[in-house]
Amino acid sequence: MLGKATFRMDAQYRYFLGKHRKGTHIITSLRYARFIIDREYDMNSSGIELVDYDYVGKFGIAFGAGYRLFARNGLYWGTSFYLGRYILTENDGIFFNFEFFKFGMTF
242 MLGKATFRMD AQYRYFLGKH RKGTHIITSL RYARFIIDRE YDMNSSGIEL VDYDYVGKFG
302 IAFGAGYRLF ARNGLYWGTS FYLGRYILTE NDGIFFNFEF FKFGMTF
């Protein structure tokens, strides 16, 4: 059983179906995540509790879709959803991400 994810990094590619990188897009994504899988507690000679964590890293791949609306000044609003699966390890899990109020600026 996977514990809490302590680190996540996604690399996404958006293929826009309209002109000039606006409108509907298809997403492909790669993900790396590091999870806590076990905790071991111990006391040192001063009575201070020490915690030792075991981590596992997982790679995943995802696909999804979204929409972006751009303003002339470079600001944009977007929404997207993608669903993926961790691969190449035992007990592979699924993950998903939904963004509704994604704001940003192009540069």
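The sequence shown begins at 242 in this note's numbering and counts up by one.
Every residue, glycine too, gets a C-beta built ideally from N, C-alpha and C.
{"query": "Reference Tyr-317, options Asn-332, Phe-248, Arg-262 and Ala-303, closest by Cα", "result": "Arg-262"}
{"query": "Which of helix, strand or coil DSSP assigns to Ser-312", "result": "Sequence inspection shows Ala at residue 312; the Ser mentioned does not correspond to that position. Coil, per DSSP."}
{"query": "Cutoff 7 angstroms; reference Gly-305; Cβ partners in own chain excluding five residues on either side", "result": "Ile-268, Ser-321, Phe-322, Tyr-323 and Leu-324"}
{"query": "Opposing strand residues paired with Phe-337 [DSSP bridges]", "result": "Leu-324"}
{"query": "Endpoints, the beta strand (DSSP E) within which Thr-247 is located", "result": "246-257"}
{"query": "Simplified DSSP assignment, three categories, for Glu-331", "result": "coil"}
{"query": "With 16 other Cβ atoms within 10 Å as the buried cut-off, status of Lys-299", "result": "buried"}
{"query": "Assigned exposure category for Gly-315 - 16 Cβ within 10 Å defines buried", "result": "exposed"}
{"query": "Pick from Ile-302, Tyr-294 and Leu-329 that is closest to Ser-270, judged by C-alpha positions", "result": "Ile-302"}
{"query": "Beta-ladder partner(s) of Lys-263, from DSSP", "result": "Paired residues: none, contrary to the question."}
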